[in-house]
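Notes for the one structure printed next.
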Amino acid sequence: MSTVSEIEACLGSLSDEDLIRLDRAVRQIYRQRHDQLIYDDSYGRYSESDITASAETAFLEYDREEAERAKREKR
Numbered sequence: 002m003s004t005v006s007e008i009e010a011c012l013g014s015l016s017d018e019d020l021i022r023l024d025r026a027v028r029q030i031y032r033q034r035h036d037q038l039i040y041d042d043s044y045g046r047y048s049e050s051d052i053t054a055s056a057e058t059a060f061l062e063y064d065r066e067e068a069e070r071a072k073r074e075k076r
């Protein structure tokens, strides 16, 4: 079994396709363990549950606006 440093050392030589496969494999392990995936980008760190909550908020706002628009159009 390779150590983390050995794995990190060879990551740069992997093709984009191999990196995508590796990413999928790591995410699948997180899901099997029921751990939260963490994303860290220029906006900060957040988990899948953060993303889900943000999407829910956006969809609820969209639904509210659509309901208001439908009320105005009935008049």
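If you count the sequence shown from 1, position 71 lands on 72 in the numbering used here, and the numbers rise without skipping.
All residues carry an ideal CB built from backbone N, CA and C; glycine is no exception.
Being a predicted model, the structure only gives us computed values, none of them experimental.
- At the C-beta level, tyrosine 40 and isoleucine 21 stay beyond 9 Å of one another.
- Under the criterion of beta carbons closer than 8 Å, serine 48 and glutamine 37 qualify as touching, at roughly 4 Å.
- DSSP places serine 14 outside both helix and strand once states are collapsed to three, so it counts as coil.
- Residue pairing for serine 48: DSSP places it in a beta bridge opposite Ile39.
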